[in-house]
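In the working numbering, the protein residues as written are 182 to 388. Glycine included, C-beta positions come from ideal geometry on N, C-alpha and C.
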Amino acid sequence: MKSYAESKKLPFEKLKGSSEKAISIHHDKLYEGYVKKYQEIQEKLKTVDKSLANATYSELRELKLEETFAANGVLLHEAYFDMLGLPAEASAEAGGDGKPEGEVIEALAKEFGSFENWQEEFKVMGMAARGWVILVYDFNDGKFHNYLADFHNQGGIWGAAPLLVLDVYEHAYFIDYGSDRKSYIEDFFSNLNWKAINEKYLKMINR
Ligand code: FE
182 MKSYAESKKL PFEKLKGSSE KAISIHHDKL YEGYVKKYQE IQEKLKTVDK SLANATYSEL
242 RELKLEETFA ANGVLLHEAY FDMLGLPAEA SAEAGGDGKP EGEVIEALAK EFGSFENWQE
302 EFKVMGMAAR GWVILVYDFN DGKFHNYLAD FHNQGGIWGA APLLVLDVYE HAYFIDYGSD
362 RKSYIEDFFS NLNWKAINEK YLKMINR
């Protein structure tokens, strides 16, 4: 079960292409910042004056809008970090070696014509998004989709679950890659742990 009010540790110690500094800012400051803001919003919702509810401006309206921003900030970052990784003591079991494997590969190939087609679309969307690229499994139509979001609480479909998430906010790559987002996206793919992605996919479809 997921809690937006508790932070998760990183599942890896190193990433190819990313410095320790960039990873620790991303996880310890930014990601944990969303967890803390989510907690703060929950506290404020307990005492908000409901009699002032108003659609132009009210504290209740602002809190409820930012509640989804913070919760999705937590959820999307966890989905991003969870599928990456190169452990300190390299072990093929736990680390991300970027090698596609599992039923999910066949399922993506079936949906997009080929696995390479899916990968190409996901990568170019990474050049077009201002925030996120999200591979979802949509329980409404039983299909995969690649979606693009400029904000945490925009660009999604309710009932669709994120399977693989790419963060393309500048904080995710500028420290180590400068403006070379393309190389960051290539390294993202070489850091992927397809074993973990496949396990998540199998859990999703058997729920
Ligand atoms: Fe981020």
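C-beta atoms of residue i and residue j nearer than 8 Å
| i | j | result |
| --- | --- | --- |
| Met385 | Ala342 | yes |
| Leu246 | Asn374 | no |
| His333 | Leu244 | no |
| Glu240 | Asp230 | yes |
| Val285 | Ala310 | no |
| Lys363 | Met308 | yes |
| Lys280 | Ile366 | no |
| Arg242 | Asn253 | no |
| Lys189 | Glu259 | yes |
Whole-angstrom C-beta distance between residue j and residue i, which should lie under 8 Å
| i | j | result |
| --- | --- | --- |
| Phe325 | Leu347 | The Cβ separation is near 15 Å, so there is no contact. |
| Asn372 | Leu267 | 7 Å |
| Glu282 | Asn379 | 6 Å |
| Tyr328 | Leu344 | Wrong, their Cβ atoms sit about 11 Å apart, outside the cutoff. |
Distance cut-off 7 Å: residue i Cβ against heavy atoms of ligand 1
| i | result |
| --- | --- |
| Leu211 | yes |
| Tyr350 | yes |
| His333 | no |
| Ala309 | no |
| His258 | yes |
| Ala251 | no |
| His172 | Here the chain has residues from 182 to 388 only, and residue 172 is not among them. |
| Ala342 | no |
| Ala353 | yes |
Nearest candidate by alpha-carbon position, reference residue i, set the options
| i | options | result |
| --- | --- | --- |
| Trp195 | Glu302, Glu187 and Asp278 | In the sequence as displayed, the identity of residue 195 is Lys instead of Trp. Considering only alpha carbons, the answer is Asp278. |
| Asp322 | Trp339, Glu259, Glu201 and Ser188 | Trp339 |
| Glu187 | Met306, Ser295, Ile315 and Lys217 | Lys217 |
| Glu224 | Pro192, Glu248, Asp361 and Leu191 | Glu248 |
| Leu191 | Asp209, Ser199, Lys202 and Tyr185 | Asp209 |
| Phe262 | Met306, Leu233, Ser199 and Lys227 | Ser199 |
| Tyr215 | Phe193, Asn298, Tyr185 and Lys197 | Tyr185 |
| Lys197 | Ala377, Tyr358, Leu383 and Lys376 | Tyr358 |
| His207 | Asp331, Ile356 and Ala377 | Ile356 |
Residue i - containing beta strand (DSSP E), residue span
| i | result |
| --- | --- |
| Phe325 | Lys324 to Ala330 |
| Ala236 | Run containing Ala236: none; DSSP gives neither H nor E here. |
| Ala203 | Run containing Ala203: none in the beta strand (DSSP E); it sits in the alpha helix (DSSP H), Glu201 to Ser205. |
| Leu347 | Ala341 to Asp348 |
Segment limits, alpha helix (DSSP H) that includes residue i
| i | result |
| --- | --- |
| Ala229 | With the sequence shown as reference, residue 229 is identified as Val, and Ala is not the correct amino acid for it. That residue, Val229, is in no alpha helix (DSSP H); it is neither H nor E in DSSP. |
| Leu316 | No alpha helix (DSSP H) contains Leu316, which is instead part of the beta strand (DSSP E) from Trp313 to Asp319. |
| Asn379 | Trp375 to Ile386 |
CB contact check: residue i to chain D, cutoff 8 Å
| i | result |
| --- | --- |
| Leu373 | Judged by its chain identifiers, the structure shown contains no chain D, having just a single protein chain. |
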